[in-house]
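In terms of my numbering, the numbers along the sequence shown are unbroken and rise by one, the last being 258. Beta carbons: idealized from backbone N, C-alpha and C, even for Gly. Nothing here was measured: the structure is a model prediction, and the numbers come from that model. Remarks on the structure that follows.
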Amino acid sequence: MRESDKIEAAVSRAERTGLGHVPDPADPRAFRSALARFATGVTVVTAPDADSGAPLGITVNSFASVSLDPALVLWSAARSSLRHRHFSAAPAFAIHVLRFDQADLADRFTRNGAGFDGLSHTLNDAQVPLLEGTLARFECQTEATHEGGDHTIIIGRVTRFSTATEGEPLVFAHGQYGRFLPGR
Ligand SMILES: Cc1cc2nc3c(=O)[nH]c(=O)nc-3n(C[C@H](O)[C@H](O)[C@H](O)COP(=O)(O)O)c2cc1C
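Have a look at this one:
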């Protein structure tokens, strides 16, 4: 039986009993599969390397808005990430919201991706690398960090933002990239 069929079989078994699942840290597949039903956008968060100042980026779908006044946003950094140390300590960072045709940019900033190699960027006053041409960009100062299990929740105060006049978002759901289809 394929891995995805096994997950589906376990999910249907639990749904039939009507009781649902209890999250099992030893086997997080069903929990992940439930979470993957929530569609998100895709962002690249950037900050300078804590030691060398070299540009760093990480592909992130845990981005969320928090507050309008003050202007606050958040994302969660996996403690298991090799880049966690840099992002959780960064005094400033930027969040870039990707367009539907920027999945290649997302791939650059996942494990073993090319990162900033050969990619043009500028630096803001806080030495945060900025990418051009994304759907929206939020430059932030780190407002607070909170431990959240195996992630660190990073709250940013938006100091500057920009928005593209047009373009559709890249969407992530069911473990896949796609695009938004207006409905109703
Ligand atoms: C669509 C997508 C969303 C992701 N969202 C997050 C996220 O919200 N937080 C996070 O720490 N890693 C996230 N990751 C994983 C990171 O991009 C990265 O691959 C992972 O942290 C391992 O990188 P590293 O150990 O080389 O730093 C996501 C990956 C993908 C493909």
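### Query
When the Cα atoms are used, what is the spatial distance from Gly94 to Ala104?
Position 20 of the sequence shown holds residue 94. Position 30 of the sequence shown holds residue 104. Rounded to whole angstroms, Gly94 to Ala104 spans 10 Å at the Cα level.
### Query
Measuring from the CB of Leu209, is there a heavy atom of ligand 1 at a distance below 7 Å?
Position 135 of the sequence shown, counted from the first residue, corresponds to residue 209. Checking the Cβ of Leu209 against ligand 1 gives no.
### Message
Here's a check: name, in chain order, each residue in its chain whose Cβ is nearer than 6 Å to the Cβ of Ser236, leaving out the five neighbours to either side.
### Response
Mapped onto the sequence shown, residue 236 falls at position 162. If we look at Ser236 and ignore the five residues flanking it on each side, its Cβ neighbours are Arg211.
### Message
For Thr184, tell me which candidate among Gly257, His158, Glu206 and Asn198 has the shortest Cα-Cα distance.
### Response
For the purposes of this step, residue 184 is taken as residue 110 along the sequence shown, with counting starting at 1. Ranking the options by Cα distance to Thr184, first place goes to His158.
### Query
Quick one: what's got a C-beta closer than 7 Å to Arg234's C-beta in the same chain, skipping five residues either side?
Locating residue 234 in the sequence shown gives position 160, where the first residue counts as 1. Here the set comprises Glu213.
### Message
Which of the three DSSP states is assigned to Leu148 in this structure?
### Response
As a position in the sequence shown, residue 148 is number 74, starting the count at 1. Strand at Leu148.
### Query
Any idea what DSSP makes of Leu109, helix, strand or coil?
If you number the sequence shown from 1, residue 109 lands on position 35. DSSP places Leu109 in helix when its eight states are reduced to three.
### Query
Between Ser194, Val245, Arg111 and Trp149, which lies nearest to Glu221 when the distance is taken from Cα to Cα?
The count along the sequence shown starts at 1 and reaches residue 221 at position 147. Ranking the options by Cα distance to Glu221, first place goes to Trp149.
#### Entry: Integer Cβ distance of Val116 from Leu244, believed to fall under 8 Å
The count along the sequence shown starts at 1 and reaches residue 116 at position 42. The count along the sequence shown starts at 1 and reaches residue 244 at position 170. So it is a contact: roughly 5 Å between Cβ atoms.
### Task
Specify the secondary structure class of Glu55 as computed by DSSP and reduced to three states.
It is not possible to answer for residue 55, since the shown part of the chain is limited to 75 through 258.
### Query
Closer than 7 Å: is that where the CB of Phe105 sits relative to any heavy atom of ligand 1?
Here residue 105 refers to the residue found at position 31 when the sequence shown is read from its first residue. Every heavy atom of ligand 1 is 7 Å or more from the Cβ of Phe105, so no.
### Query
When the distance is taken between beta carbons, is Leu172 closer than 8 Å to Val118?
For the purposes of this step, residue 118 is taken as the residue at position 44 of the sequence shown. For the purposes of this step, residue 172 is taken as the residue at position 98 of the sequence shown. A contact, by the Cβ cut-off of 8 Å.
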